Amino acid sequence: MKIIVVLMAVVFMAGMAIWLFLFKNCYEMIQDIRSGTRKVPVIRKAVDKYDDCCKLEIAVNNTEVFVEKIIENEKICGLRMKAWQRIAGMVKYGIALLGIFSAVLFKGNTDEVYICAAVAAMCCVSLHFMDCMADVDGYLKDTVVELVDYLENSGAVRSEAGKVMAAKLKGKAASEFMKMNRRYDKICAAKGHFS
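Printed below as a string of structure tokens:
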């Protein structure tokens, strides 16, 4: 019985660690947007992609979808955020299955069945409350809203500063910049963009 209870505790701790990991990542993304430091890789990636689109004069028609796509496709430790949420949700079911398994295994001794069932129930309820408190979906929506606001309100300022810097280029750097612009114009003309 001790082995099953310890196994439930280990699975419970893994589930709590996953929820805390998700909460920490979402919180860091929002704080990074609010501070403007761009230390979190997904935020830096979104801002850089948006800046590149502005510099190349590619219109981003729906900034919200642009940001959602980048955030949803971002992998953390090899998995997307939704996959981490699913794994954390499956941990509850794993603990419930361990509780059922222990009830079948110890069906002759009711005290052990009650203890294992109580531990499984407490772990499942605690993980459910952690899921509700972490509110990863809500934080992801807040992240999208904050990042869209940041990009739309400060993106023009950054792109204007980039144009001023491009105008200040001298010598070889200026000629390379002009070459890139001409190549891009040729590509757009060939594809029928910006005609």
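Count the sequence shown with our numbering and you get residues 1 to 195, in order. Virtual Cβ for every residue (Gly too), placed ideally from N, Cα, C. Computed from a prediction, not measured in an experiment: that's the story for all the values here.
Quiz item: residue 141 bridges to which residues according to DSSP?
Solution: Residue numbering aside, residue 141 sits at position 141 when the sequence shown is read from its first letter. Note: residue 141 sits in no beta bridge, so no partner.
Quiz item: alpha helix (DSSP H) containing residue 8: first to last residue?
Solution: The sequence position of residue 8 within the sequence shown is 8, counting from 1. Run containing residue 8: 2–35, per the alpha helix (DSSP H) assignment.
Quiz item: In terms of residues, what are the limits of the alpha helix (DSSP H) holding residue 121?
Solution: Counted from its first residue, the sequence shown places residue 121 at position 121. Looking at the DSSP string, the run of the alpha helix (DSSP H) that includes residue 121 is 110–134.
Practice problem: Pick out whichever of 88, 26 and 54 has its Cα sitting closest to the Cα of residue 74. | Solution: The residue given as residue 74 occupies position 74 in the sequence shown. From the listed residues 88, 26 and 54, the smallest Cα separation to residue 74 is found for 26.
Quiz item: Just how far apart, CA to CA, sit residue 62 and residue 180?
Solution: If you number the sequence shown from 1, residue 62 lands on position 62. If you number the sequence shown from 1, residue 180 lands on position 180. Each residue's Cα considered, the two are about 26 Å apart.
Exercise. May I ask you to report which of helix, strand or coil DSSP gives residue 71?
Key: Position 71 of the sequence shown holds residue 71. Looking at residue 71 - three-state DSSP - the assignment turns out to be helix.
Quiz prompt | Cβ distance (whole Å) where residue 116 is taken to contact residue 99 below 8 Å | solution = To locate residue 116, count along the sequence shown from 1; it is residue 116. To locate residue 99, count along the sequence shown from 1; it is residue 99. In this structure, residue 116 and residue 99 form a Cβ contact; the two beta carbons are roughly 6 Å apart against a cut-off of 8 Å.
Quiz prompt | 9 Å Cβ cutoff met for residue 67 and residue 148 | solution = Counted from its first residue, the sequence shown places residue 67 at position 67. Counted from its first residue, the sequence shown places residue 148 at position 148. In this structure, residue 148 lies closer than 9 Å to residue 67 by Cβ.
Practice problem: Could you check the C-alpha separation between residue 59 and residue 76 for me, to the nearest Å? | Solution: Working through the sequence shown from its first residue, we reach residue 59 at position 59. Working through the sequence shown from its first residue, we reach residue 76 at position 76. Approximately 29 Å between the Cα atoms of the pair.
Exercise. Under the assumption that residue 146 contacts residue 34 (Cβ atoms under 8 Å), give the Cβ distance between them as a whole number of angstroms.
Key: Indexing the sequence shown from 1 puts residue 146 at position 146. Indexing the sequence shown from 1 puts residue 34 at position 34. Yes, residue 146 and residue 34 are in contact; Cβ-Cβ is about 7 Å, under 8 Å.
Quiz prompt | Neighbour-count burial assignment, residue 46, 16 or more Cβ in a 10 Å radius | solution = Within the sequence shown, numbered from 1, the residue matching residue 46 stands at position 46. By the neighbour-count rule (16 or more Cβ atoms within 10 Å), residue 46 is buried.
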